[in-house]
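Residue numbers (my numbering), protein chains in the order written: chain F, 1 to 230; chain U, 231 to 395. Glycine residues also receive a C-beta, built at the ideal position from the N, C-alpha and C atoms.
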Amino acid sequence: MSSIETLYIAFFTTGFFVGFGHCMGMCGPIVVSFSLNLRAKGVMAPNLLYHAGRITTYAVLGGVMGASGAFTRITAGIGGLQKGVMIFTGLMIIAMGLGMSGWVPLGRIFSDYCSFEGVIRRGFRKLSGIHSTAAYLPLGMLLGLLPCGPVYTALVAAARAGMEIQNSFKAVLAGMGLMAAFGIGTVPALLMVARLTGMGWLRSRDMIYKIGSVLMIAVGIYFVVKGIRF
Amino acid sequence: MLTSGVKKVIHRGRMAFLQAGGGVFRMLFVGMFLLSMVAHDVPARAAENDHSALVNCDIQHTSCTQELSDTQVVLDISPKPVKAMTDLTFRIILTGKQPKAVPYIDLGMPGMKMGPNRVSLQSVGNGVYEGTGIIVRCPSGKKVWKATVAVPNMGTAEFIFDVIY
Chain F
1 MSSIETLYIA FFTTGFFVGF GHCMGMCGPI VVSFSLNLRA KGVMAPNLLY
51 HAGRITTYAV LGGVMGASGA FTRITAGIGG LQKGVMIFTG LMIIAMGLGM
101 SGWVPLGRIF SDYCSFEGVI RRGFRKLSGI HSTAAYLPLG MLLGLLPCGP
151 VYTALVAAAR AGMEIQNSFK AVLAGMGLMA AFGIGTVPAL LMVARLTGMG
201 WLRSRDMIYK IGSVLMIAVG IYFVVKGIRF
Chain U
231 MLTSGVKKVI HRGRMAFLQA GGGVFRMLFV GMFLLSMVAH DVPARAAEND
281 HSALVNCDIQ HTSCTQELSD TQVVLDISPK PVKAMTDLTF RIILTGKQPK
331 AVPYIDLGMP GMKMGPNRVS LQSVGNGVYE GTGIIVRCPS GKKVWKATVA
381 VPNMGTAEFI FDVIY
């Protein structure tokens with residue numbers, strides 16, 4: 001077995017164990033929020049698309065790291081974007097929570113009183129009503145940029161692996177493959193969370209949804225605050 | 231006839247019980263995950279305090295020393311202040327009994343899995359080893375990091391210190 005094949009296995013294994021040891025706690029609430037938002041719809045297809053999007057972003061970042069070997073320069077460059085993604089994620093979860101609760105008709109309020117009503121109303125409706133399965137792919141791609149310690153660690157290793165490969169094209173492929181292997185490794189843990197929180201069985205229990213909404217809003221606020229402080 | 235009726239009742243009861251049990255379990259699960267994020271700051275602060283108590287190295291200002299059987303292990307990281315997400319130079323100085331193979335450093339956080347982050351070292355002579363590495367930033371805000379220096383055939387020395395984000 002070549003050294004790069006060994007690295008693929010190492011990255012996948014790392015992703016698998018980090019998934020259960022880290023991602024379930026840190027990213028689990030995002031997956032739970034999606035599952036709550038999906039309500040009675042099947043959670044598996046949207047979640048798989050979300051992870052596919054996330055892995056695509058990891059692979060692209062891995063390719064860039066593999067080619068350049070410049071971890072610190074690139075992460076410094078995308079720091080502002082990551083901050084924005086974290087705040088966006090928080091706002092999206094808040095909107096999903098508000099949309100799910102049905103307490104605050106934000107869409108109507110904004111449409112009645114704001115001069116730039118259309119934009120806000122459409123934005124809110126889009127954020128709170130991400131029920132389309134296909135939407136989870138681009139969402140995963142965007143949220144793949146969320147700042148995350150283990151992803152950084154994997155990117156450092158991908159950059160190092162790329163530096164050891166002389167051929168630039170092969171370095172890009174290695175970086176992409178390694179980060180994809182890492183991302184795939186994290187999927188089982190998060191899919192398990194999604195599967196356990198599939199809410200089809202709660203179809204008629206509004207109170208549970210209301211409690212879930214409050215928790216989602218709290219999670220969203222947490223992300224926004226963390227994003228601002230990042 | 232009676233048996234079949236009883237069986238049906240038992241079956242329905244069992245299904246209702248399983249459904250209710252599953253429901254409670256799932257509710258607890260959902261609540262636990264959402265709350266874990268919201269309340270993360272509270273235990274994070276508590277854990278941070280606990281981990282702060284583990285700090286045994288003032289790497290921001292000086293090098294740190296530990297004894298490993300017959301060998302003294304000195305760790306230094308530069309440039310200072312030691313910041314996350316920057317290229318850092320790790321230096322190990324071993325005095326006393328020398329190892330047969332080159333030591334290495336594993337970076338991690340106490341109580342949080344961050345993935346394997348190894349700093350490979352090279353000998354620069356006289357028991358001095360150097361290598362470059364990066365301490366990544368944890369978005370949770372925790373700043374206590376651990377450098378585990380592994381000296382082949384001798385054991386490991388753990389240096390726990392604060393990093394600036």
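Cutoff 6 Å; reference residue i; Cβ partners in own chain excluding five residues on either side
| i | result |
| --- | --- |
| F/Gly175 | Gly62, Gly63, Met65, Gly66, Ala158, Gly162 |
| U/Ala274 | Bear in mind that a pLDDT of 49 at U/Ala274, under 50, signals an unreliable position, so the number given afterwards is only what the model happens to contain. The answer, listed in chain order, is Ser370. |
| F/Gln82 | Leu145, Pro147 |
| F/Ile217 | Ile94, Gly97 |
| F/Ala180 | Ile55, Ala59 |
| F/Leu49 | Tyr136, Leu137 |
| U/Phe389 | Cys287, Cys294, Leu305, Ala377 |
| U/Gln296 | Val303, Ala387 |
| U/Ile200 | With chain U running from 231 to 395 in the structure shown, residue 200 of chain U is simply not present. |
| F/Val187 | His51 |
| F/Ser213 | Gly97, Met100, Ser101 |
Residue i: contacting residues in chain U (beta-carbon distance under 8 Å)
| i | result |
| --- | --- |
| F/Pro150 | Lys343, Met344, Gly345 |
| F/Ala154 | Gly345 |
| F/Thr56 | Correct list: empty, because the minimum Cβ distance to chain U is about 20 Å. |
| F/Thr89 | Chain U residues near F/Thr89: none, gap ~11 Å exceeds 8 Å. |
| F/Pro147 | Arg367, Pro369 |
| F/Thr14 | Gly345, Pro346 |
8 Å Cβ cut-off: residues of chain F touching residue i
| i | result |
| --- | --- |
| U/Thr316 | Thr72 |
Residues near residue i by beta carbon distance below 8 Å, same chain, minus five either side
| i | result |
| --- | --- |
| U/Val272 | Low local confidence applies: a pLDDT of 49 at U/Val272 is under 50, so the model's placement there is unreliable, with the coordinate-based value given in what follows. So the list is empty, once near-sequence residues are dropped. |
| U/Ala380 | Pro333, Tyr334, Ile335, Asp336, Thr386 |
| F/Ser168 | Ala67 |
| U/His291 | Lys310 |
| U/Gly326 | Asp300, Thr301, Gln302 |
Chain U residues whose Cβ lies nearer than 7 Å to that of residue i
| i | result |
| --- | --- |
| F/Lys226 | Pro369 |
| F/Val64 | By Cβ distance, chain U contributes nothing, its closest Cβ being about 16 Å from F/Val64, past 7 Å. |
| F/Phe230 | Pro369 |
| F/Thr75 | Met315 |
Beta-carbon neighbours of residue i, restricted to chain U and to distances below 9 Å
| i | result |
| --- | --- |
| F/His22 | Met342, Lys343, Met344, Gly345 |
| F/Val18 | Lys343, Met344, Gly345 |
7 Å CB neighbourhood of residue i in its chain, flanking five on each side removed
| i | result |
| --- | --- |
| U/Ile323 | Val304, Gly357, Val358 |
| F/Ala244 | For residue 244 of chain F there is no data in the structure shown, the boundaries of chain F being 1 and 230. |
| F/Met86 | Leu146, Pro147, Phe223, Lys226, Gly227, Phe230 |
| U/Ser350 | Tyr334, Gly361 |
| F/Tyr8 | Gly177, Leu178, Ala181 |
| U/Ser293 | Val304, Leu305, Asp306 |
| F/Ser33 | Ile93, Met96, Met216, Val219 |
| F/Ile4 | Ala174 |
| U/Met384 | Leu298, Ser299, Thr301, Pro329 |
Supposed close pair residue i, residue j - CB separation, criterion 8 Å
| i | j | result |
| --- | --- | --- |
| F/Gly140 | F/Ala194 | So it is not a contact: roughly 12 Å between Cβ atoms. |
| U/Val312 | U/Met344 | In fact, because the Cβ distance is near 16 Å, the residues do not count as touching under 8 Å. |
| F/Thr89 | U/Ile364 | Wrong, their Cβ atoms sit about 25 Å apart, outside the cutoff. |
| U/Gly341 | U/Asn347 | No, U/Gly341 and U/Asn347 are not in contact; Cβ-Cβ is about 16 Å, not under 8 Å. |
| U/Thr316 | U/Ser308 | Actually they do not touch by this definition, with Cβ atoms about 11 Å apart. |
Check: residue i C-beta below 7 Å from any heavy atom of the ligand MN
| i | result |
| --- | --- |
| F/Met96 | For the ligand MN, the structure offers nothing, since it holds no ligand at all. |
(request) Mind checking the segment 337 to 353 of chain U against chain F and listing, in chain order, the residues whose C-beta falls within less than 8 Å of any C-beta there? (result) Met339, Met342, Lys343, Met344, Gly345, Pro346, Asn347
(message) Give the list of continuous alpha helix (DSSP H) stretches no shorter than 4 residues that lie fully inside the segment 16 to 65 of chain F.
(response) 28 to 38
(message) Short of 9 Å Cβ to Cβ, which residues in the segment 356 to 371 of chain U face chain F?
(response) Gly363, Ile364, Val366, Arg367, Cys368, Pro369, Ser370, Gly371
(request) Taking only runs that begin and end inside the segment 319 to 380 of chain U, name each unbroken alpha helix (DSSP H) of 4 or more residues, in chain order. (result) none
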